[in-house]
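Visitor: Got a structure here, written out as structure tokens. Questions coming.
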Amino acid sequence: MDPPAVAGLPLAVTTGVAMGVLTTFYGLEGDVEPLVWTGVSVAWILLFLSRGGLRHPVTALAKRMAFTGVFTGLIQWFNYDTYRASNPWYEAEAAGYAEAGSHWVALAQIGGGVGIGAVWGALTGLALLGAQRVTGIGPKSKKA
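With UniProt numbering applied, the sequence shown corresponds to residues 1 to 144, in that order.
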């Protein structure tokens with residue numbers, strides 16, 4: 001049985017804050033960041049498998065990762081000058097948002113985090129669904 005939706009929030013918040021701090025204060029190049037998110041996804045899959053799986057892994061993880069994106073984006077937005085300094089490979093894009101104004105920076109960082117998080121979460125959910133089917137771990141669907 002899926003834990004209540006709120007049960008996944010501490011994991012989503014913790015992951016979002018950690019990734020926000022990592023990407024803002026350390027910086028991850030464009031080819032490295034997807035690898036880090038893949039590691040996060042594998043960790044989430046193993047965690048949920050160890051807890052008995054999820055009934056609706058695709059939607060559950062899409063929601064949780066979208067929420068993770070909110071916190072990642074918030075930290076990047078609140079510390080945008082540091083984010084720009086730590087991620088010089090995004091400078092052309094970042095300068096355009098900064099020129100357009102703070103609301104565009106917020107939209108880019110938070111909206112991008114939510115959108116990318118939802119898509120990445122759905123992909124992670126598909127991987128979890130496959131792992132649940134292969135291992136036999138996970139809630140069984142109730143069929144009439």
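Ideal Cβ positions, reconstructed from N, Cα and C, are used throughout, including at glycine. Computed from a predicted structure; not experimentally measured.
Which value, in whole angstroms, describes the spacing of the CA atoms of GLY8 and LEU47?
Guide: 11 Å
Visitor: Report yes if the C-beta distance between VAL36 and GLY69 is below 8 Å; otherwise report no.
Guide: no
Visitor: Please report the distance separating the alpha-carbon of ASP81 from that of HIS103.
Guide: 15 Å
Visitor: Just checking, does the stretch 117-124 make contact with the stretch 75-91 on the three C-beta pairs under 8 Å criterion?
Guide: no
Visitor: Please go through the same chain and pick out, in chain order, the residues whose beta-carbon is closer than 8 Å to the beta-carbon of LEU28, but skip the five residues on each side of it.
Guide: LEU22, VAL36, ASN87
Visitor: Could you work out which residue in GLY101, TYR26, ALA60, MET65 is closest to THR38 when comparing CA atoms only?
Guide: MET65
Visitor: Determine the contact status of ALA127 and ILE75, defining contact as a CB-CB distance below 8 Å.
Guide: no
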